[in-house]
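The numbering used here applies: residue 227 is where the sequence shown begins, and numbers increase by one.
We put the CB at the ideal spot given by N, CA and C, even for glycine.
This structure is a prediction, so every number in the text was calculated from the model and none was measured.
Let me begin by presenting the structure, written as structure tokens, before commenting on it.
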Amino acid sequence: MDYIPQLLALSGIVLLACASPGPDFVAVTSHALSERRSGVFVGLGITCAVALWASLAVFGFGLLIQQFFWLYESIRLAGAAYLIYLGARMLMAALRTQAKGQDDVAQAPCVSAKQAWSRGFIVGITNPKTATFFATLFVTLLPVGAPLWVYAAVVAVVVCITATWMCLLASFFSVAIVRTAYARIRRPVDALMGAALVGLGIRMATSR
């Protein structure tokens, strides 16, 4: 029970990290506004990626990424390219619906659960900052030589918090009143979210 304070501190930091606006937030909300299931599966895909990064960080892979510049840069640039790709698709879709008219917007097709999960997983797994974040966090909060159950509990806490936050986020943005308001201003919102993803991708590509 000596590790409970560290686990509580880690939980608070992970929750704050989840709540911070970023690619995960935009990916989940943009899909949830069209369909709750899509938003939830995007969130679950992101959660699986976060679980993988957290598990690898336990074994020191996050610190390894920090040491190998080419590996970090490869993952970072791949993630940036994917965010720009998703954002550009949203922007082009918003422009197309603007040309076709409002009726076509309401009938925009939703992606399948598998596609939504894949998009979320790719967004999460191509962000190397997640790996270095967990590596630094674990080294800072967890003492050397902690028992195995502590590391298992850490990964479980990270997964539970991330999954809960993503599902709540998807549920909120798929509420009827929110979706009704969104339907009225869908084109500018889609364009704004697309631009946000492109901007985040460019920022990721140019940051060091």
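CB of residue i within 8 Å of CB of residue j, strictly
| i | j | result |
| --- | --- | --- |
| M392 | V254 | yes |
| E261 | S433 | no |
| I301 | V424 | no |
| A314 | A431 | no |
| A275 | F347 | yes |
| V381 | V268 | no |
| L418 | L236 | no |
| T273 | T352 | no |
| W296 | A357 | no |
| V240 | V349 | no |
| G420 | A277 | no |
| R263 | A339 | yes |
| Y298 | P249 | no |
| D416 | M318 | no |
| L233 | A379 | yes |
| G271 | R345 | yes |
| L303 | Y408 | no |
| V376 | L368 | yes |
Where the alpha helix (DSSP H) through residue i begins and ends
| i | result |
| --- | --- |
| A431 | R412 to T432 |
| V349 | A339 to I351 |
| L368 | Unbroken run through L368: none, as it is neither H nor E. |
| D250 | P249 to A258 |
| A389 | L374 to F399 |
| S237 | I230 to A245 |
Exercise for the section: Please specify which runs of the alpha helix (DSSP H), each continuous and at least 4 residues long, are wholly inside the region 268-324, giving them in chain order. Expected result: 287-293
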